[in-house]
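Using the numbering used here, read the sequence shown as starting at 1264 and increasing by one per residue.
Let me begin by presenting the structure, written as structure tokens, before commenting on it.
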Amino acid sequence: MASTILFDPPKAVVSRLSRSTTDPRPIVVMTCGIAGSGKSTLSKWIISNYQSFQRLSIDAWIYKKYGLWGKYYPAEKYNAYQEEAEVALRSEFISLLREGVHNVVLDFSFAFRKTRDEWKDIAESNGARWVLFYLDVEADELRRRVIARNLLENKDGDSAFLVTVEVLERYIAGFERPDGEDEIVL
């Protein structure tokens, strides 16, 4: 039986995941991309290969606290739960950075520059350095991935929210692509 490689980390990722004697600050990996771009795949790969990293994910937080979207809580609660999750994760993020022991992966979409800048400022003001990985995926591929994810029978926090093609089109139209932010495009 052949294996399927879901993520093959480019050198640009691996080379930025370790602290050094010249720069021992905690590392904050910020994933950035539209639904279906591979943010959670990248984040999970990092935490499985670099044990010093803690993953913070809005969708995973909601799943842990409330269960699956549309099954254990009504769909109309999702936005309120997202806001609640972001507040909780911001607090957890600051605590992790202040401890200085863990590196952090922020498995967020970071769809807007203002939001990216806010989280970068939090990282820097708490003694960490950040790396912004922008997962740039063609719109047709995003559509294919989202449709495939919607068809999964076994859902988890990363696949629970139903992203219709119409919702995806709104995400694509409203997404502020990183440009001039020291982003690494994958």
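Backbone N, C-alpha and C define an ideal beta-carbon position, used for all residues, glycine too.
Classification of residue i by the beta-carbon crowding that lies within 10 angstroms, buried from 16 upward
i     : result
S1278 : exposed
I1268 : Confidence at I1268 is low in this model, with a pLDDT of 41, below 50, so the placement of that residue is unreliable and no value is reported for it.
G1299 : buried
D1403 : exposed
A1386 : buried
I1435 : exposed
A1343 : exposed
F1373 : buried
The alpha helix (DSSP H) enclosing residue i, as first and last residue numbers
i     : result
L1405 : A1402 to N1413
Per-residue DSSP class, three states only, for residue i
i     : result
V1426 : coil
V1277 : helix
Y1329 : helix
N1366 : strand
R1433 : helix
R1282 : coil
Q1317 : strand
F1396 : strand
F1356 : helix
Residue range of the beta strand (DSSP E) that includes residue i
i     : result
T1294 : I1290 to C1295
S1300 : No beta strand (DSSP E) holds S1300; DSSP gives it neither H nor E.
Proximity below 9 angstroms, CB of residue i to CB of residue j
i     : j     : result
R1391 : R1288 : The residue you asked about is not Arg; residue 1391 is Ala in the sequence shown. Contact: yes.
A1351 : W1382 : no
D1399 : T1294 : no
F1438 : I1309 : no
L1449 : G1301 : yes
V1394 : S1306 : no
V1276 : F1396 : yes
A1348 : K1377 : no
R1353 : E1444 : no
V1426 : R1412 : yes
Heavy atom of the ligand HEM within 8 angstroms of residue i beta-carbon
i     : result
F1371 : Ligands in the displayed structure: none, and consequently the ligand HEM is not present.
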